[in-house]
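Take 4 as the starting number for the sequence shown in this note's numbering and just add one per residue. Even glycine gets a Cβ: it sits at the ideal position worked out from N, Cα and C. The structure displayed is predicted, hence computed values, not measured ones.
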Amino acid sequence: MQTPRSLPGRWHSRCLAVGVVLWGVAALAQPAPTDGTSGATLSRTLVIPHDRELEVRLRSVQTALKNSDRVVAAQVLAELLSLSAPAVVQVGSVYRDCQFEAERILRQGPPELREAFRRDTEVRAAEEVRVARENGELAGLLAVAQRYPLTPAANGALLSLMEQFYDLGRFDAVVACGRRLIESQPDPVATARDYPLA
4 MQTPRSLPGR WHSRCLAVGV VLWGVAALAQ PAPTDGTSGA TLSRTLVIPH DRELEVRLRS
64 VQTALKNSDR VVAAQVLAEL LSLSAPAVVQ VGSVYRDCQF EAERILRQGP PELREAFRRD
124 TEVRAAEEVR VARENGELAG LLAVAQRYPL TPAANGALLS LMEQFYDLGR FDAVVACGRR
184 LIESQPDPVA TARDYPLA
């Protein structure tokens, strides 16, 4: 049988335990710290090496462009754009940001950079388009358009997608592919005149 003198002590211990648990939950609910250099949200315990490697390679593109080494810049951009998306993109991953930035550099860079990129990728891109068309793979054509932007292969893949989606009655997808075709070009206005969607 518990004595009256033992009850306050046990009640105090229980309150203390509940307080510790609530403090732990509140600490876990706080936002994760960010990397001041990249703005990417990082894990509390580790930095994803893959993300850091992507950022390093993206910076190497900018360095190569400053040194007028467009061949190296084009090769690294091709590597970045050809990376397959992970099955699950973790929260805070810079994978998509690096992909968007690589395409932006290619689109807004000098024409010589796009020409070097086209020469570096045209054989692989043409083969992937051929295989995707033979197998009727819509996903394969879309992958080509994403991996090799601003190239004849990517434009051909998007036009093929527009035709196939039109035949399937997927007019929303036709417009989406046409919009991507236009927006991914160095001169979207001129491209819109060549490939009107209206």
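Whose C-beta lies closer than 7 Å to the C-beta of residue 76 among residues of the same chain, with five residues either side of it excluded?
The count along the sequence shown starts at 1 and reaches residue 76 at position 73. The answer, listed in chain order, is 64, 67, 68, 116.
Contacting residues, own chain, Cβ-Cβ under 6 Å from residue 164 (five flanking each side not counted):
For the purposes of this step, residue 164 is identified with residue 161 of the sequence shown, where counting begins at 1. 144, 180, listed in sequence order.
CA-CA distance, residue 142 and residue 134?
Here residue 142 refers to the residue found at position 139 of the sequence shown. Here residue 134 refers to the residue found at position 131 of the sequence shown. The alpha-carbon atoms of residue 142 and residue 134 are separated by roughly 12 Å.
Using three-state DSSP, classify residue 136 as helix, strand or coil.
Taking the sequence shown and counting its residues from 1, one reaches residue 136 at position 133. Note: residue 136 maps to helix in three-state DSSP.
In or out: residue 158 buried (at least 16 other Cβ within 10 Å) or exposed?
What you label residue 158 is simply residue 155 of the sequence shown in a count that begins at 1. With 16 or more other Cβ atoms within 10 Å, it is buried.
Count the other CB atoms within 10 Å of the CB of residue 71; is the residue buried (16 or more) or exposed (fewer)?
On the sequence shown, residue 71 is found 68 positions in, with the first residue counted as 1. Exposed.
Count the other C-beta atoms from every protein chain shown that fall within 10 angstroms of the C-beta of residue 171, then say buried if there are 16 or more, exposed otherwise.
If you number the sequence shown from 1, residue 171 lands on position 168. By the neighbour-count rule (16 or more Cβ atoms within 10 Å), residue 171 is not buried but exposed.
If you run the structure through DSSP and keep just helix, strand and coil, what is residue 183?
Start at 1 with the first residue of the sequence shown, and residue 183 comes out as number 180. In the displayed model, residue 183 falls within a helix according to three-state DSSP.
Could you have a look at residue 190 and say whether DSSP puts it in helix, strand or coil?
Looking up residue 190 in the sequence shown gives position 187. Here residue 190 sits in coil by DSSP.
For residue 151 and residue 84, what's the separation of their Cα atoms in angstroms?
Sequence index remark: in the sequence shown, residue 151 carries index 148 (1-based). Sequence index remark: in the sequence shown, residue 84 carries index 81 (1-based). So the two alpha carbons sit approximately 7 Å from each other.
Distance, residue 110 Cα to residue 99 Cα
Within the sequence shown, numbered from 1, the residue matching residue 99 stands at position 96. Within the sequence shown, numbered from 1, the residue matching residue 110 stands at position 107. The alpha-carbon atoms of residue 99 and residue 110 are separated by roughly 16 Å.
Since residue 160 contacts residue 148 with CB under 8 Å, what's their CB separation in whole angstroms?
As a position in the sequence shown, residue 160 is number 157, starting the count at 1. As a position in the sequence shown, residue 148 is number 145, starting the count at 1. Right, the Cβ-Cβ distance comes to about 5 Å (below 8 Å), so this counts as a contact.
At the level of alpha carbons, what is the spacing between residue 62 and residue 55?
Locating residue 62 in the sequence shown gives position 59, counting from the first residue. Locating residue 55 in the sequence shown gives position 52, counting from the first residue. Straight-line Cα distance between these residues: approximately 11 Å.
Report the rounded CA-to-CA distance for residue 101 versus residue 154, giving the unit in angstroms.
Here the question's residue 101 lines up with position 98 in the sequence shown. Here the question's residue 154 lines up with position 151 in the sequence shown. Approximately 19 Å, taken between the alpha carbons.
Going by C-alpha distance, which of 190, 192, 186 is nearest residue 103?
As a working mapping, residue 103 is identified with position 100 in the sequence shown. For residue 103, the closest of 190, 192, 186 by C-alpha to C-alpha distance is 186.
Candidates 169, 82, 138: which alpha carbon is nearest residue 58's?
The residue given as residue 58 occupies position 55 in the sequence shown. Nearest option by C-alpha distance: 82.
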